[in-house]
Amino acid sequence: MTTGQPARTTTRPTIAVIGAGLSGLFMSKVCQDRGINHVVYEKASEVGGTWRDNTYPGIGVDSPGGWYNLPFEEKYDWSRQFAPGGEIQDYLVGVADKYGLRRNIRFNTEVSECRWQGGRWSIEFADGSSAVADVLVVATGFIRVPTMPDVKGIEDFAGPWFHTSKWDHSVKLEGKRIGVVGTGSSGIQITTALGRRGLDVTQFIRTPQWVWSVKNPENPQVVRRLFDRVPAVGRWVQKKRLERFTSNVRAAKYGTDWRLHRGIGREEAIQAFQADLASIRDPELAAKMRPRDLPGCKRIPLAPGYYDTIQRRNVTIVRGSIDHVEERGLVTDDGTMHELDVIAWATGYDTHGYFKPIKIYGTGPEELSELWDGNPRSYRGMMMPGFPNLFVVHGPYAPVNNIHTPLATEDMIGFIMKAVDYMVQHKVAVMPTVEAMETYLSWVRAPAPHTTWGSKQCENWYTAADGHTVLFPYERPEHIAMYWSFDAGDCELIPVGAGGRVAEHA
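Following this note's numbering, the numbering of the sequence shown begins with 145 at its first residue and continues without gaps.
Here you go:
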């Protein structure tokens, strides 16, 4: 954990952090508190990461707002129970300003390559400049590389089109026929937001999703002021809201995450999702929206008002795949032409891209993404054999589906600092052994068949090329315990040479 004021390090290693989103800002604050030399390299002109880049209509966080904050800057006075994306971005900007984090951020600085050489990390930038660091922390996030479908004729469309992560706010939507392709979180949030505005929206759905059908009420101003002035009250209310949120699928009373364990909690949750789906009055529409898999196979989008919105006259649901794109619109696999004026591609991200397109080379000749070859793996969700002093926050087998991001980030950064303390005290660089990684992978893969996303019938973006689901399949206590201490016995230790630099590794 990263709470409290730990002792300052006795030497001054340099830490390079890639990315100034939530994780990068958290890392910078901890380094600043400890007096550690560090630089955050951010390719954009502002902090925020995902919340800076994604500005599409309806974007919001999918956990109660009071749980989406950093431990050193609690915030409970969100405008809604599930905060809009713009408020999350404003919060992160405020954190950077309040704690003076900008002084250590190099904006408009895009990292292109990192290479372990001369006993340090050599960092190359897109403009041809370079830097060096003793420790490399990759905090680029796991939802950052947008993907477009392999559909013929995308560029033939006569009207505006864009991926949802690059929403074009200059396009006027009133009076236009808008196509939304995709049914993940982005597609559902956009369809709901535009449909509620009375716009003409057609959502194209290849694979229907189970959704969290929850309410998202506004927090009255008087309540927001109370939460701001008395954080303890806000903390208590958010705790109760989280319990109610979880109990919407009747799992909280069983004291466990129904997605991780078989039992009555899972059966009750499935019944709750089916009951929500039954709220769609039109039998034909309800049939279109019924998923083939069980709830929890895929990431479940938060969808306040979605089922109500798709029953409006101005919203049309088209079930099927896109065959190709023509000048006038989209042609589905049944041969139907759907004429449109604007297309928003809500087709997701390369969720196993991690730090792409950055190239990372360790002690060997292979680049890390190429070494993974579609099967990402790690030691404790962050480290890799052959890559000294490298930590990928929310790397392979991180809990991106079942533990709130700020909480998981806190655990991970606490572990990084324990590792850094060990490096300083013992004058070594560290990287896990292959044996330690394989032991970790065996542990983290073992429960997968019992989870909702690990069954053989389930297809989702968690699954790697070799069939393993690249997720942490335990709950928060196990996550805390995993990062509670740095185990040097799991690592190869590389002595530091003269001048405080790590000796060249053979």
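For each residue, glycine too, the CB sits at the ideal point set by N, CA and C.
- prompt: How long is the line joining the alpha carbons of G539 and D467, rounded to whole angstroms?
  reply: Roughly 34 Å separates the two Cα atoms.
task: Given a cut-off of 8 Å, decide if V184 and S167 are closer than it, judged by their beta-carbon atoms.
output: no
- prompt: What does a CB cutoff of less than 8 Å around Q353 pick up in its chain, not counting 5 residues either side in sequence?
  reply: These residues qualify, in order along the chain: T327, G328, I332, P435, K442, I444, P445.
message: Given this structure, state the Cα-to-Cα distance separating V544 from L534, to the nearest angstrom.
response: 20 Å
- request: Return the Cβ separation of T495 and W605 in integer angstroms, given the expectation that the two are a contact with Cβ distance under 8 Å.
  value: 5 Å
- request: Would you decide whether W489 is buried or exposed? Buried here means 16 or more other CB atoms lie within 10 Å of its CB.
  value: buried
- request: Could you tell me the boundaries of the alpha helix (DSSP H) in which G238 lies?
  value: Per DSSP, G238 belongs to the alpha helix (DSSP H) from 229-242.
query: Is the segment 290-297 close to the segment 261-278, with three or more CB pairs under 8 Å?
result: no
query: Of the choices G633, Q455, G407, whose alpha-carbon is the least far from that of T583?
result: G633
Neighbour-count burial assignment, S423, 16 or more Cβ in a 10 Å radius: exposed
query: To the nearest whole angstrom, what separates the beta carbons of G323 and G473, a pair I think is in contact under 8 Å?
result: 7 Å
task: Using a Cβ cut-off of 8 Å (strictly closer), state whether G473 contacts chain D.
output: The displayed structure is made up of one protein chain only, and chain D is not part of it.
- request: Assign K173 to one of three DSSP states: helix, strand, or coil.
  value: helix
From T460, G611, L484, residue whose alpha carbon lies closest to that of L429: T460
Cβ neighbour criterion (16 or more within 10 Å) applied to N252: exposed
task: Check M481 in the structure and name its three-state DSSP category.
output: strand
message: Count Cβ pairs between the segment 566-573 and the segment 226-240 that sit closer than 8 Å; are there 3 or more?
response: With a cut-off of 8 Å, the segment 226-240 and the segment 566-573 do not count as touching, because too few Cβ pairs lie within range.
- prompt: Where does N546 fall in DSSP's three states?
  reply: coil
- prompt: Which residues does DSSP pair with Q261 in a beta bridge?
  reply: R264
query: Touching or not, the segment 347-364 and the segment 222-233, by the rule of three or more beta carbon pairs under 8 Å?
result: yes
- request: Could you tell me whether the Cβ atoms of A563 and F630 are closer together than 8 Å?
  value: yes
- prompt: Nearest-angstrom Cα distance between R379 and M567?
  reply: 37 Å
- request: List the residues that DSSP assigns as beta-bridge partners of E362.
  value: R224
- request: Give every residue of the same chain whose Cβ lies closer than 7 Å to the Cβ of H623, excluding the five residues on either side of it in the sequence, and list them in chain order.
  value: P543, I547, A552, D555, F616
- prompt: Where does T537 land, buried or exposed, given buried means 16+ other C-beta within 10 angstroms?
  reply: Residue 537 is actually Val in this sequence, not Thr. Under this definition V537 is a buried residue.
message: Just to check my reading of the structure: A447 and S357 have Cβ atoms closer than 8 Å, yes? What is that Cβ distance to the nearest angstrom?
response: 6 Å
field: Buried versus exposed call for G506 [16 or more other C-beta atoms within 10 Å across all chains shown]
entry: buried
Boundaries of the beta strand (DSSP E) in which Q455 is found, first to last residue: Per DSSP, Q455 belongs to no beta strand (DSSP E) and is neither H nor E.
- prompt: According to DSSP, which residues form a beta bridge with W489?
  reply: H307, V325
task: Inspect the beta-carbon positions of G229 and G285 and report whether they are closer than 8 Å.
output: no
message: Determine whether the beta carbon atoms of R403 and T607 lie at a separation below 8 Å.
response: no
message: Checking 8 Å against the spacing of the C-beta atoms, do A227 and G204 come in under that value?
response: Yes, the Cβ-Cβ distance between A227 and G204 is below 8 Å.
- request: Determine the DSSP secondary structure at T583, reduced to helix, strand or coil.
  value: Residue state, collapsed to three classes: helix.
message: Can you give me the C-alpha to C-alpha distance between E231 and S189, rounded to a whole angstrom?
response: 18 Å
CA-to-CA distance, V295 to D437, given in whole angstroms: 25 Å
message: Between which residues of its own chain and I502 is the CB-CB distance below 8 Å, once the five residues before and five after are set aside?
response: I162, V255, S256, E257, C258, V282, T284
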